[in-house]
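Enquirer: Residue numbers (my numbering): 52 to 179.
For each residue, glycine too, the CB sits at the ideal point set by N, CA and C.
What follows is a single structure, and I will ask about it in a moment.
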């Protein structure tokens, strides 16, 4: 997969997340997926995303920056949303917050196998 194909695949993956099209998730996420060092597999990855959308009904992934260097993707995702209750251990309780996530992916066989993610929790804290 070259850089353009990888970029297009990632954009389709983000579209899949935003549409909550869980039936298509397996097109983008490897059966052996890991997130921040934890083995999730495809089913665990899906459960994580479903939980995120349940806790944040207006969750929408916005690509602010995208760099592709096969088999790696680096992205900065921006969010402007209203999490219910606690979010990342913070008492957000339905307040609208804006923050970013810096996330790196490694793909195998054209699918996301490894994800390293860091959310800007300090930005959320500053808004509460």
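Between residue 87 and the rest of its own chain, which residues show a CB-CB distance below 8 Å, the 5 nearest in sequence each way excluded?
Expert: Cβ neighbours of residue 87 beyond the five flanking positions: 166, 167 and 168.
Enquirer: Taking the beta strand (DSSP E) that residue 104 falls in, what are its first and last residues?
Expert: First-last for residue 104: 92-106, but that is the alpha helix (DSSP H), not the beta strand (DSSP E).
Enquirer: Alpha carbon to alpha carbon, how far is residue 148 from residue 128? Give it in angstroms, no decimals.
Expert: 14 Å
Enquirer: Going by the CB atoms, is the gap between residue 164 and residue 83 shorter than 7 Å?
Expert: The criterion of a C-beta distance shorter than 7 Å is satisfied by residue 83 and residue 164.
Enquirer: Rounded to whole angstroms, what is the Cα-Cα separation between residue 85 and residue 171?
Expert: Answer to the nearest angstrom: the Cα atoms are 21 Å apart.
Enquirer: Taking the alpha-carbon of residue 101 as reference, which of 160, 125 and 69 has the nearest alpha-carbon?
Expert: 69
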